[in-house]
Structure formats: structure tokens, C-alpha cells
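Under my numbering, the residues of the sequence shown are numbered 115 to 516, in order.
Cβ atoms here follow ideal geometry from the backbone N, Cα and C, with glycine treated the same way.
Just so you know, these numbers come straight off a predicted model, no measurement behind them.
The structure appears right after this line, and notes come after that.
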Amino acid sequence: MRLCHEATQGVRKPMSTNLTKERVLEMLQKVKGPDQGDDIVSLGIVSPIVINKGKVYFAISVEPGRAKELEPMREAAEEIVGRIDGVESVAVTLTADRNAGEASAPDTGGGGCSTGGGRAGAPGSGGTGGQIPMPNIGSIIAVASGKGGVGKSTTAINLALSFQANGLRTGILDADIYGPSIPRLLGLQGQNPEAAENDQIKPMKAFGMEVMSIGFLVDEDAPMIWRGPMVMSALTQMLQFVTWGELDVLVVDMPPGTGDAQLTMSQAVPLAGAVIVSTPQDLALIDARKGLNMFKQVKVPVLGIVENMSYFKCPSCGERSDIFGHGGAKTEAERIKVPFLGEIPLHMDIREKSDAGQPVVVSDPDGPHAKIYSQIAEKAWTNAEAHKAKREGKKTKITMES
Ligand code: ADP
């Protein structure tokens, strides 16, 4: 698996007026299509070109199942566009759209974009237009937060383990490329995933779950500076080139915030929904609101808000104190009519056990915290299944054993 394309890491070139969508298409006419006949532009398999401040994004539509084999075509397209004056970076993805002309490039969400067209299909809308097909995976649930440090990864892990404990075949993808903590939280630091056939890699295993993180491929302490297109490349490759097994649910620990990485994830795969983690403080809620709005924009259903570090329960006397002003997330959820999934206390056990690679749901499965996570997981799953059933116009199939 190749995580960073040379073209995306290249030296900055001066901005120039040469960089236009027409120029990009002209260069792409030199790239042969999947069967070495006509070029990719004539074949109509190039998506609308997105140019944003020297960054070029587009997708090439290929038949489902041929993505691996056509990687050299993707690389050639990336390389040739990288030669244009004014190109700072290029990111090309292969998508499995059936209608070639409708392949989608990601909307960067930023100002000054020249999009030349919209997305072919929104996640959650029932179509897979422009998205990476994930046929083995029943539902992909993102766990997100508007800012870092609110306990998003801890919540994601314990939710995933609750899904697993309740009989769902579960995987977790650490998409927090700025601070991948899942290997540490699952006691997998320092371990490397095995290679699989065809340049793919196998997910790691922890507590019966399949696990993938960029933290397995780079040092957790290495400073990671990602430019927008590199983010897209890294995330899409972690989805595409990992041999995920048959899973009922893949929990995605999203990077905090609402930038390129979040948009990429929200658009790259058909998300069943998002769980937003917030602390009770106003500031975190303001950030959480941004996260909510982002998912709304990309039409991903918000399965609910979790209030983490909701109250403090003294480990010695059991007395409860609302040190962060408990209840903010619940009030906000009611105000904006988003489900409220539950409150997780600030508790030493949660911190110590997570940080020691033994999350509470597995190290104390009958304890009070495991019960809280399990209830939250059940609500999130029910909401995800309800949205799915609505999309598909049928009744829920898989239920959690409780
Ligand atoms: P994020 O992913 O939002 O950056 P983390 O999940 O890494 O946050 O959590 C940050 C720190 O807070 C970690 O040390 C974690 O163990 C601790 N933490 C998270 N949730 C709780 C909780 N409910 N009680 C106690 N500590 C928590």
C-alpha cells in the first residue's frame, strides 16, 4: 500500500495561469484507458476537475473490481497532471461508478473552488456514485468531534467493542491521521500488519475486531503534516487496499474538526451515519455544531450526540460532581432535534484502562461503564438501521443481542 503519492509531496511550483481545467483535460488525453485503447478523456471516465489554489482533484471511473489492476493508470494520470505549471499537488482516485461521466471528485468545501460539477451521489442517498464500494461491510459508522481531546477515540473504541460484544462482526478504522491513537488504545503499538496478496494489507486483530490505522504504518510520534490531497489518498487507500473481512459494522474514528479529511471520509464511502462526541462545555459544543453541520451538508445522517466527561464520579466516595457543567450536549441535541445517545462520566477507570490498551468494555465487561457504552451503541445501531431501512424502504435485518 502506498500512502503518499510523489506528486502530492512535490516541491511547490509557482502559481501560473496555465492551470485550467482545459489544460488538465488536455494532459489527460495522453493517458490510455483501462484497456489500452482510447484515452481516458475520450472514454468519458474522468470526473469534473476540481482546482483549488494549485491543488487538482479528480476521479477516474472504472469497473468495480478493477481498481487494483488499474492503479498504474491512476498513477500515470496523477503524474502527467503534476507536470503542469502551477500545480502544487494532484490527487486522483479511482471510483466504481457505473456511469462514467458522472464520476465525482471531492468537493473540498473550501472557498475559491472551481468544481465544474457536483457529486454524483451523496452518501446515505442510496447510491454509491463516486464512492469506494465496500461490499463486505454492512454499515460504516463515523465517530466524530468538532475538536480534539474530547474523548472521541476512547468513545469510538468502546462503541466498537460494544457492537462486537453484542454479536456484530466489527472493524475499526483509525482515520485520525493527525494523531492515530487506536493502536495504543488497543495495545497494538509497535506491531505491523501483514501483507496480503496483490499489494494489499491485512487488517490487524484486537479483541476479535479487525483494526486498521495509519499508526501501524508510521511512527505515532512522527510529526504528520498532511496536505489536503495526501489526506484523501491516505484515507481512500486505507479503505481500498485493506482486506477487510465480512463485517456488519466498521467504526471509523474520524480526525477531529471539519476539514479535508472529514469531507473526504464523508464522501469517499457510503456512511450509514455519524456519532458526534462532545464534552458538556459550550466551546466543545460550538465545535460539535460545526461537525453536525458538515454531516448535514454531505447528507450523512447524524445518529446522535454523546456527552463524554459528562460528570465526575469520585472513585473513592462515589459522589458525583458536574465539573464541566453537565447536560449541555443533551440540551443542544434537543434544540437541534438530533438524537441524544447518552452520557459517559469522567472516570479514572476509563482513562487508565483505555490508555493501557484494555478498554473498559473488555476489561470490565459487567461494570457500569461497559453498560453505558453498550446502551449508547444500541441506540446508535438502532438509529443507523432505521436510516438504512428508510433508504432501502424495508425493515431492519440485523439486531443487536442485548
Ligand atoms: P480525542 O480522540 O477526542 O482526541 P481521546 O479519546 O484520545 O480524545 O481522549 C483524550 C484523553 O482523555 C485520553 O487520555 C483518554 O483516556 C481520556 N478520556 C476520554 N474519555 C474519558 C472519560 N470518559 N473519562 C476519563 N478519561 C477519558
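Below 8 Å on the Cβ atoms is my guess for residue i versus residue j; work out the distance and round it to an integer in Å.
| i | j | result |
| --- | --- | --- |
| Phe426 | Pro394 | That pair is no contact at about 11 Å. |
| Asn368 | Ala498 | Going by the sequence as given, residue 368 is Met instead of Asn. Contact flag wrong, Cβ pair sits at about 15 Å. |
| Ser468 | Ile271 | 7 Å |
| Gly418 | Lys493 | 6 Å |
| Leu331 | Ala320 | Contact doesn't hold; Cβ gap of about 16 Å is too wide. |
| Pro294 | Pro307 | The pair is not a contact, with the Cβ atoms about 13 Å apart (cut-off 8 Å). |
| Ala191 | Ile154 | 7 Å |
| Ile163 | Ser175 | Not quite, the Cβ-Cβ distance comes to about 14 Å (not below 8 Å), so this is no contact. |
| Leu275 | Pro482 | The Cβ separation is near 15 Å, so there is no contact. |
| Phe172 | Val145 | Wrong, their Cβ atoms sit about 12 Å apart, outside the cutoff. |
| Met462 | Pro429 | 5 Å |
| Ile486 | Gly456 | 6 Å |
| Leu353 | Ala382 | 7 Å |
| Ala491 | Leu273 | 5 Å |
| Gly168 | Glu202 | 3 Å |
| Ala386 | Lys504 | 11 Å between Cβ atoms; not a contact. |
Figure out for me which residue from the options has the closest Cα to the Cα of residue i.
| i | options | result |
| --- | --- | --- |
| Lys413 | Ala388, Gln150, Glu202, Ile286 | Ala388 |
| Arg197 | Lys261, Trp495, Leu139, Gly481 | Leu139 |
| Ile165 | Ile291, Asn132, Leu364 | Asn132 |
| Ala309 | Phe355, Gln381, Leu406, Gly359 | Phe355 |
| Thr350 | Lys485, Lys410, Val195, Ala181 | Ala181 |
| Gly200 | Pro415, Val155, Val170, Lys485 | Val170 |
| Ile296 | Glu311, Ser327, Ala491 | Ser327 |
| Ile390 | Val325, Gln381, Thr496, Val420 | Val420 |
| Ser267 | Tyr292, Lys502, Met248, Ile246 | Tyr292 |
| Glu311 | Arg283, Val325, Thr357, Glu324 | Thr357 |
| Leu399 | Cys428, Lys261, Val176, Gly432 | Lys261 |
| Ile194 | Gln143, Thr445, Leu184, Glu183 | Gln143 |
| Val522 | Arg188, Thr445, Leu361, Asp313 | This structure cannot speak to residue 522, because the chain is shown only from 115 to 516. |
| Leu377 | Gln411, Asp149, Gly507, Ala386 | Gln411 |
| Pro299 | Ile315, Glu136, Val363, Gly265 | A quick correction: the sequence has Leu, not Pro, at residue 299. Comparing Cα positions, the closest option is Gly265. |
| Asp436 | Pro415, Met187, Ser424 | Ser424 |
| Asp152 | Met187, Ser347, Arg137 | Met187 |
| Asn250 | Thr269, Gln489, Pro479, Pro384 | Pro384 |
| Glu183 | Pro148, Leu157, Ser156, Gly507 | Pro148 |
| Ala443 | Gly432, Glu433, Asn422 | Asn422 |
| Gln314 | Val416, Pro479, Ser488, Glu185 | Glu185 |
| Asp401 | Gly263, Gly322, Gly329, Gln305 | Gly263 |
| Thr496 | Leu208, Pro415, Ser347 | Pro415 |
| Gly304 | Arg283, Gly322, Gly329, Met323 | Gly329 |
| Glu104 | Ser347, Gly322, Ile464 | The requested residue 104 does not occur in the structure, where the chain is confined to residues 115 to 516. |
DSSP beta-bridge partners for residue i?
| i | result |
| --- | --- |
| Gly285 | Glu324, Leu364 |
| Ala309 | Ile315 |
| Glu189 | The partner list for Glu189 (beta bridge, DSSP) is empty, contrary to what the question assumes. |
| Leu208 | Ile174 |
| Val253 | According to the sequence provided, residue 253 is Ser. The question's Val does not apply to it. Looking at the DSSP assignment, Ser253 forms a beta bridge with Val363. |
| Lys146 | Asp153 |
| Asn422 | Ile458 |
| Lys504 | Its beta-bridge partners do not exist; DSSP assigns none. |
| Ala258 | Ile390 |
| Lys427 | Arg434 |
| Val356 | Ile315 |
| Ser267 | None; Ser267 has no bridge partner. |
| Val160 | Ile174 |
| Ser203 | Lys169 |
| Val412 | DSSP, once it has assigned bridges, lists no residue as partnering Val412. |
Residue i CB to nearest chain C CB: under 8 Å?
| i | result |
| --- | --- |
| Gly387 | The structure shown contains no chain C; it is built from a single protein chain. |
Please determine whether the Cβ atom of residue i lies at a distance below 7 Å from any heavy atom of the ligand PLP.
| i | result |
| --- | --- |
| Pro459 | Because the ligand PLP does not appear in the structure shown, any question about it cannot be addressed here, the ligands present being the ligand ADP. |
Length at least 4, wholly inside the stretch 430 to 459: the alpha helix (DSSP H) runs in chain order
442 to 450
Taking contact to mean 3 or more Cβ pairs, one atom from each stretch, closer than 8 Å, check whether the stretch 278 to 293 and the stretch 432 to 451 are in contact.
no
Say whether the stretch 247 to 254 touches the stretch 468 to 482, bearing in mind that this needs 3 or more beta-carbon pairs closer than 8 Å, one atom from each stretch.
no
Taking 8 Å as the cut-off, does the stretch 271 to 280 touch the stretch 399 to 415 (at least 3 CB pairs, one atom from each stretch)?
no
Taking only runs that begin and end inside the stretch 376 to 403, name each unbroken beta strand (DSSP E) of 3 or more residues, in chain order.
387 to 392
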